[in-house]
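Q:
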Amino acid sequence: MYQFFVDPSQIDIPDRRVIIMGEDVNHIRNVLRMRPGEEISVRDGRDGREYRCGILSLGESEIVCELRFIKEDAVELSAEIYLFQGLPKGDKMEFIIQKAVELGVHQVIPVAASRCVVKLDRKKAAPKRARWQGIAEAAAKQSKRAVIPEVTEVSSFARAVGMASGMDVALIPYELAEDMSRTKSLLEGIRPGQRVAVFIGPEGGFAEAEIGLARESGVLPVTLGKRILRTETAGLAVLSWIMYLLEA
5 MYQFFVDPSQ IDIPDRRVII MGEDVNHIRN VLRMRPGEEI SVRDGRDGRE YRCGILSLGE
65 SEIVCELRFI KEDAVELSAE IYLFQGLPKG DKMEFIIQKA VELGVHQVIP VAASRCVVKL
125 DRKKAAPKRA RWQGIAEAAA KQSKRAVIPE VTEVSSFARA VGMASGMDVA LIPYELAEDM
185 SRTKSLLEGI RPGQRVAVFI GPEGGFAEAE IGLARESGVL PVTLGKRILR TETAGLAVLS
245 WIMYLLEA
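Numbering (this note's numbering), first residue to last: 5 to 252.
Next up, the structure:
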């Protein structure tokens with residue numbers, strides 16, 4: 005079943021009507037070629053509820069649906085995971101965001117670490133963020149997420165560790181860290197309701213000064229094993245591990 009996100013104002017529970025507008029209208033009419041009577045899933049991306057609807061009419065600018073019933077689905081992870089991702093080269097960020105959303109991340113914070121090759125000024129950052137947010141929304145639709153994870157504006161490393169210092173668990177995989185048993189213990193200690201920060205470095209990794217600042221802010225360096233993982237692999241490895249533990 006196809007899923008779409010709408011603004012809460014487009015859901016009228018008393019009148020049992022849901023209106024779909026924007027780019028999804030063309031997608032439903034001309035790409036999926038759906039017809040009146042077919043059932044779709046609608047979410048507002050905020051309250052976690054699924055609104056099961058039947059299509060009533062397909063106009064040029066809007067699609068009118070009948071609200072059939074509401075499901076209280078617990079599809080989200082029981083802890084909020086924040087991915088602090090060092091800006092990678094090329095289009096790797098798009099891949100990282102897509103897969104992180106599929107794995108249940110709550111928010112993605114792009115981080116301008118000192119070894120990042122990519123440098124985004126204010127003019128370039130706005131369209132990049134808009135594109136990244138669109139990728140997050142598409143991934144949320146595909147993976148049947150209840151919410152659309154936010155991709156924030158690019159943060160400095162200092163600001164990022166400041167944000168993470170107030171979270172329940174904050175980890176930063178680092179190639180010089182040791183003791184895999186400690187990594188396992190920290191990850192297995194994550195509990196429902198907690199806010200968890202995961203830092204991933206760019207291609208060149210984190211500078212020693214950044215690791216020092218992270219330690220001072222309560223962000224714990226951990227190892228992910230004996231092999232060096234690419235930036236687009238490391239975060240997904242951690243998120244997969246956390247998802248497995250929280251879904252069990």
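We put the beta carbon where it would ideally sit given N, CA and C, even for glycine.
#1: Quick one, are the C-beta atoms of residue 158 and residue 218 less than 8 Å apart?
#2: Alpha helix (DSSP H) containing residue 127: first to last residue?
#3: Is the beta carbon of residue 61 sitting closer than 8 Å to the one on residue 92?
#4: For a test of the three-state rule: what should DSSP assign to residue 174, helix, strand or coil?
#5: From the DSSP output, in three-state form, read off residue 75 for me.
#6: Do you know offhand how far residue 167's Cα is from residue 195's?
#7: If the criterion is Cβ atoms closer than 8 Å, does the pair residue 42 and residue 59 meet it?
#8: Quick check on the DSSP output: what are the complete beta strand (DSSP E) runs of length 3 or more inside the region 41-89, in order along the chain?
#9: Less than 8 Å between the C-beta atoms of residue 264 and residue 203, yes or no?
#10: Do residue 137 and residue 155 have their C-beta atoms within less than 8 Å of each other?
#11: CB-CB under 8 Å to residue 119, same chain, minus the five flanking residues each way: which ones, in chain order?
#12: If distances are taken between C-alpha atoms only, which option among 215, 175, 251, 182 comes closest to residue 242?
#13: Out of 51, 67, 106, 216, which has the shortest C-alpha to C-alpha gap to residue 178?
#14: How would you write the range of the beta strand (DSSP E) that residue 191 sits in, first residue to last?
#15: Pick helix, strand or coil for residue 24, following the three-state DSSP scheme.
#16: Can you list, in chain order, the residues of its chain with a C-beta nearer than 7 Å to that of residue 56? Leave out the 5 residues immediately preceding and following it.
#17: At which residues does the beta strand (DSSP E) containing residue 199 begin and terminate?
#18: Return the first residue and the last residue of the beta strand (DSSP E) that residue 226 is part of.
#19: With residue 218 as the anchor, note down where its alpha helix (DSSP H) starts and where it stops.
#20: Can you grab the Cα-Cα spacing for the pair residue 117 / residue 160, in whole Å?
#21: From which residue to which residue does the beta strand (DSSP E) around residue 246 run?
#22: Less than 7 Å between the CB of residue 93 and some heavy atom of the ligand GTP, yes or no?
#23: I'd like to confirm the pairing. Which residues does DSSP put opposite residue 116 in its beta bridges?
#24: Which residue marks the beginning of the beta strand (DSSP E) containing residue 14, and which one marks its end?
A: This is what the structure gives:
#1: Translated into positions along the sequence shown, residue 158 becomes position 154. Translated into positions along the sequence shown, residue 218 becomes position 214. Not a contact, by the Cβ cut-off of 8 Å.
#2: On the sequence shown, position 123 is the one that residue 127 refers to. Counted as a single uninterrupted DSSP element, the alpha helix (DSSP H) harbouring residue 127 occupies residues 126-146.
#3: Taking the sequence shown and counting its residues from 1, the one referred to as residue 61 is at position 57. Taking the sequence shown and counting its residues from 1, the one referred to as residue 92 is at position 88. In this structure, residue 92 does not lie closer than 8 Å to residue 61 by Cβ.
#4: For the purposes of this step, residue 174 is identified with residue 170 of the sequence shown, where counting begins at 1. DSSP, read as helix, strand or coil, puts residue 174 in strand.
#5: Numbered from 1 along the sequence shown, position 71 holds the residue referred to as residue 75. Secondary structure at residue 75: strand, using DSSP grouped into helix, strand and coil.
#6: Residue mapping note: residue 167 aligns to position 163 of the sequence shown, counting from 1. Residue mapping note: residue 195 aligns to position 191 of the sequence shown, counting from 1. C-alpha separation (whole angstroms): 20 Å.
#7: Residue mapping note: residue 42 aligns to position 38 of the sequence shown, counting from 1. Residue mapping note: residue 59 aligns to position 55 of the sequence shown, counting from 1. Yes, the Cβ-Cβ distance between residue 42 and residue 59 is below 8 Å.
#8: Counting only runs of 3 or more, we get 43-47, 54-62, 66-75.
#9: Because the chain is modelled from 5 through 252, residue 264 falls outside the range shown and cannot be assessed.
#10: Within the sequence shown, residue 137 is the residue found at index 133, counting from 1. Within the sequence shown, residue 155 is the residue found at index 151, counting from 1. In this structure, residue 155 lies closer than 8 Å to residue 137 by Cβ.
#11: Within the sequence shown, residue 119 is the residue found at index 115, counting from 1. 90, 205, 206, 207, 208, 209, 210, 211.
#12: Here residue 242 is taken as the residue at index 238 of the sequence shown, counted from 1. Its Cα nearest to that of residue 242, the residue 175 stands out among 215, 175, 251, 182.
#13: For the purposes of this step, residue 178 is taken as the residue at position 174 of the sequence shown. Residue 216 holds the alpha-carbon nearest to the alpha-carbon of residue 178 among 51, 67, 106, 216.
#14: The residue labelled residue 191 in the question sits at position 187 within the sequence shown. Counting along the chain, no beta strand (DSSP E) covers residue 191; the unbroken alpha helix (DSSP H) around it starts and ends at 184-192.
#15: Here residue 24 refers to the residue found at position 20 when the sequence shown is read from its first residue. Shown here, residue 24 sits in a strand according to DSSP, grouped into three states.
#16: Within the sequence shown, numbered from 1, the residue matching residue 56 stands at position 52. Counting only Cβ-Cβ distances below 7 Å, and skipping sequence neighbours, we find 43, 45, 72, 73, 75.
#17: Taking the sequence shown and counting its residues from 1, one reaches residue 199 at position 195. For residue 199, the enclosing beta strand (DSSP E) begins and ends at 199-204.
#18: Here residue 226 corresponds to residue number 222 of the sequence shown, with the count starting at 1. Annotation: the continuous beta strand (DSSP E) that includes residue 226 extends over 224-226.
#19: The residue given as residue 218 occupies position 214 in the sequence shown. Counted as a single uninterrupted DSSP element, the alpha helix (DSSP H) harbouring residue 218 occupies residues 212-220.
#20: As a first step, residue 117 is located in the sequence shown; it is residue number 113 there, counting from the start. As a first step, residue 160 is located in the sequence shown; it is residue number 156 there, counting from the start. Rounded to the nearest whole angstrom, the C-alpha separation of residue 117 and residue 160 is 7 Å.
#21: Sequence index remark: in the sequence shown, residue 246 carries index 242 (1-based). Segment 235-251 is the alpha helix (DSSP H) holding residue 246; no beta strand (DSSP E) there.
#22: The ligand GTP is absent from the structure shown, which contains no ligands of any kind.
#23: Your numbering for residue 116 matches position 112 in the sequence shown. As computed with DSSP, residue 116 is found in a beta bridge with 160.
#24: Residue 14 sits at position 10 when you count from the first residue of the sequence shown. Element bounds for residue 14: n/a, residue is neither H nor E.
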